[in-house]
Amino acid sequence: MAKPNATAAELYTALQRVNFLDFIKNEDGLDTRIDEQGSNLSGGQRQRLALARALLHDTPVYIFDEATSNIDAESEAFIMEAVKELTKTKTVILISHRLANVTNSNCIYVLNNGEICQKGPHNALMDEKSLYKELFSQQQHLEEYGKGGSLNA
């Protein structure tokens, strides 16, 4: 458990940080029933609740492995904002296939076939002909296409 002796104020603060407090307040507050495996929540709500629990743990290092996979864009934005805030005071390791989520990282490690093939900040990796630049560009094109753009952009 993240922090079994957490006060109501600490719980509310953690829920606010991941933009889940309004949902809880509109239900039964801290007595809101969460079904097994969060089956009564959306994927994004489950992820935000998991992040709130992690924040309560208050550890010096956080590891997020695909923290925004299979969730809606709104939840992704809330989660990434909370992770960004966390990096101001904690060490954060963010594992993500969605490269737009790592652009502000101090150092990005690029893996190819299980080996580190590149490392550096986003701008440096984009300045060279690289696997990272190629993958980032492909993802950007696919996202634009998903918004109604052309694949030939």
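Each residue of the sequence shown is one higher than the one before, starting from -7 at the first, in my numbering.
No residue lacks a Cβ here, since even glycine has one placed at the ideal position from N, Cα and C.
Given the structure is predicted, the values throughout are model-derived calculations rather than measurements.
In this structure the region 50 to 60 touches the region 70 to 78; the number of beta carbon pairs closer than 8 Å is three or more. If one requires a minimum length of 3 residues, the beta strand (DSSP E) runs lying completely within the region 55 to 119 are 83 to 87, 100 to 104 and 107 to 112, in chain order. With respect to the 9 Å criterion, residue 38 and residue 71 are not classified as neighbours on the basis of their beta carbons. Ranked by how close their Cα comes to the Cα of residue 21, the residues 92, 115 and 8 have 8 in first place. In its chain, beyond the 5 residues on either side, 125 have a beta carbon closer than 6 Å to the beta carbon of residue 118. Taking the C-beta atoms as reference points, residue 19 is found no nearer than 9 Å to residue 48. Looking only at 45, 17 and 61, the smallest Cα-Cα distance to residue -3 is reached by 45.
Just measuring C-alpha positions, the residue of 84, 34 and 83 sitting nearest residue 63 is 34. Residue 0: member of the alpha helix (DSSP H) spanning 0 to 9, first to last residue.
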